[in-house]
Structures are given as structure tokens and as C-alpha cells.
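Quick note: the sequence shown, position 73, residue 59 per this note's numbering, numbers continuous. Beta carbons are placed, not taken as given, at the ideal position from N, Cα and C, and that holds for glycine. No experiment lies behind these values; they were computed from the predicted model shown.
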Amino acid sequence: MENLKIGLLLHFYQPWWQFSETLKNIVNQCYRPILNAVNKIDRFCFTANINLSLLDLLEKDFPDVVAGFREAVEKGNLELMSSPAQHPIFPLIPEFVQRAQIKDDEKRKENQFGIKRNCRGFYLPEMAFARKDVGLLRGYGYKWTVIDDKVFGAKNPGAVPFSHIITYDGFKIFMRSRTWSNIISFDHPTFDDLRSRLEHDIPSWTGGAPAYLIIAMDGETFGHHPGDLFERLLKPMLMSWAGSKIVPIETIGQNFPTRSVSYLHDSSWSTELDDLDRSNPYPLWKSRFNIYHLKLWELVELALNHFGQDREDCLQITSSCHWWWISRSNWNPDFMMKGAKKTLGIIRQHGSPVEVEEAEKLYASLKELK
């Protein structure tokens, strides 16, 4: 443990349609306590992604939370990654939409909210990685991202990195530990419990050599989700480890050697080996075996034909949540329909009669879901 550095990445996101009462609860249970702690500790605490869609929701009723994020980033208490503005599954949207998502994120965060990234990392929503996107990200000046280690570890037994950084096409790829991230999210340990488990297990993995560990999860895990993990875990962890054991991920990238690979599987944090075997790398957002996923994509692709006429709405309809809620372990079609309804509205307003007719049929089939 003495030679271990931890990259702690928290992802702060809510979809554009989030209910006001739900957002209020999340703010009080999670965002405010975390930011109060971060800005009182007043040293580096963790790496963060703060989605633009969330900032838009917070701007009117919770300006103190926006100010808290801004203060933490300005002081260097948070390492802020960039991200697509409306939380799409990045590999699944056309390149012109990818570029618009990136530009909105950078320009509006800085110009509207005074929040400017302070590293060269790019957060991929749901850690949905595709080899084809690396060149685009590099072209915008990004140097690294974080993906889940499950697929890489299964395809490369014993090779999940801890003493070097994987690079693909000159782009650094940090591997988030699904094991340790899930221990926090699902076992709900106290800080003392987590520290004891790390002290017991990490040396057998690293042999005591200088090493790093990437732990990543939703920010809402701490305070809003069950388990009271802000008081039990995050707060004492930051008080004990912030700025010493927990360090910026970009700093880890500067202090460990790199090792180039010629191939990485397209995947997400939810991808399992059988998904790869079935050429289904993003199973919760575009499964080949979920007809409703495919119908919603058909509808969205029709609307994206009118991107130039309705840019903001077209960005919002690509939010990953619309597919998530009609996936294998999640089922709430009402939430999916928030995206479908907005999508149909774009087509009704701007589409040809043929497009509108096709869209109405797709929408009707989605509306039947219960």
C-alpha cells in the first residue's frame, strides 16, 4: 500500500429531463456535502467529470452547487475532464454530432459557467470506447481516457496494468478496476474496511512495486444512492488520502511508463465476454438483440437529418439514458419516451411527409412498451 497511488474518478451527471424533486434530493444528499468537504479540505481530492446537462439543470435553482464546482476546479481540488455535453454513447453517434457535443461542452462550460477543464482527459459516457474515435479525440488535444478493465483483463490474462499505462495510437488508456469500483458501489464498505481490504489484497497483485489503481463510479454513489457512503467512506477517505495517496490521473500518467498495444476491443463498463462474442459491444444502449433499442435509433437518426435546424434538441435526444431504460436489467419505458417524444417533435417540425410518416410508426411501436 505504501507504493500505491489511487486515481479516484467521480462522474456527475443527470439527464436534461431529470425531475426537479429528484434533483433537489441529489443536491442535498450528495452534491452539497461532497463540495463542502472538497473545498474545506482545500487540497487535491479527486478527478471529476461534470456533464454540461447537469450544469444546465443546476443553474437556475442551485447556483451554489455550480459555484462550488467552479471553486474546486479553480483551486485545483478537482481534476476536471472534458466530456460530450449531453452524455451520448460516443461511438454510436455520427462524427458531426460528436464534434458538436465536444464543442458545446468546452465552450459553454467556460463561457456560461466559468468552469474550465484543467487536464487533457476526456470522459467517455458509460466508458463506451471505440478505436475509431481515438484520432478524433487526439485532434481536439485530448491525451487520455478511462475505460473498464473487465474485457481487457479477460482477453489478456494477468495483464491488467498497474505499473505502466496502456497506449493505443498514441492515446493513453487508463483501466478502471471493475472489481474495486464494484466493491465500493455494491458492498458499501466503511473507509476502514476498504483500507484493510486494499492492504491485504493489493500487495499480492503488485508485489509491493510502485503501482496505481483507478477507481471510478457515479458521484451520486456517495450520499444519494443507498449505503450512506459519503459519511462511511468518501469523507474519511478524502480527509486521510486526498493529495497524498489519491492523486490526479494525469499525474499518474506522467509518473509511470507507457506500453503501446495494437488493438483494443470496443467496449463499455457493462460489456461482458459473451457480448463481444456476439458482436454486441454496447449491450445496454444498442443491443443487436433489443428491437426497441434499434427502433429508437432509427427514430433518432431521422431527427439528426435536421441537426442544422434544431441543434440543441438534437444533442439532447442522443442522451444514453433513453436506451438505458429499456435495457436488460433496467425497465422504465416512460423515461425512454421522454427522448422519443422530443425526437418525434423534431421530425414533425422539420421533416418531409415521408419522414413524418415513418417517424409516427416508429414512435407508435415504442409507445406500446409497458
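By the 16-neighbour rule on beta-carbons within 10 angstroms, residue 249 is exposed.
In the structure shown, residue 356 adopts coil according to DSSP, grouped into three states.
Rounded to the nearest whole angstrom, the CA to CA distance from residue 230 to residue 31 is 9 Å. When the alpha-carbon of residue 28 is set against those of 63, 47, 15, the nearest one is in 63.
Note on residue 277: under 16 other CB atoms within 10 angstroms of its CB, so exposed under the neighbour-count rule.
Ranked by how close their Cα comes to the Cα of residue 15, the residues -2, 140, 271, 210 have 210 in first place. Per DSSP, the beta bridge partners of residue 74 are 305. For residue 234 and residue 201, the gap between their C-alpha atoms comes out near 12 Å.
A direct Cα-to-Cα measurement between residue 79 and residue 148 gives close to 32 Å.
Annotation: the continuous beta strand (DSSP E) that includes residue 130 extends over 130 to 134. By the criterion of at least three beta-carbon pairs nearer than 8 Å, the region 43 to 53 is not in contact with the region 283 to 297. Measuring C-alpha to C-alpha distances from residue 19 to each of -9, 218, 254 identifies 218 as the nearest. Every alpha helix (DSSP H) of 4 residues or more that sits fully in the region 209 to 249 is shown, in chain order, as 221 to 227, 235 to 241. No residue range can be given for residue 126, since it is assigned to no beta strand (DSSP E) and is classified by DSSP as neither H nor E.
Annotation: the region 247 to 330 contains the following complete segments of the alpha helix (DSSP H) (minimum length 4 residues), in chain order: 259 to 263, 277 to 290, 297 to 302, 307 to 310. A distance below 8 Å separates the beta carbons of residue 2 and residue 72. With a threshold of 16 other beta carbon atoms within 10 Å, residue 329 meets it and is buried. Counting only residues of its own chain and dropping the five nearest sequence neighbours on each side, residue 74 has a CB closer than 7 Å to the CB of 87, 111, 304, 305, 306.
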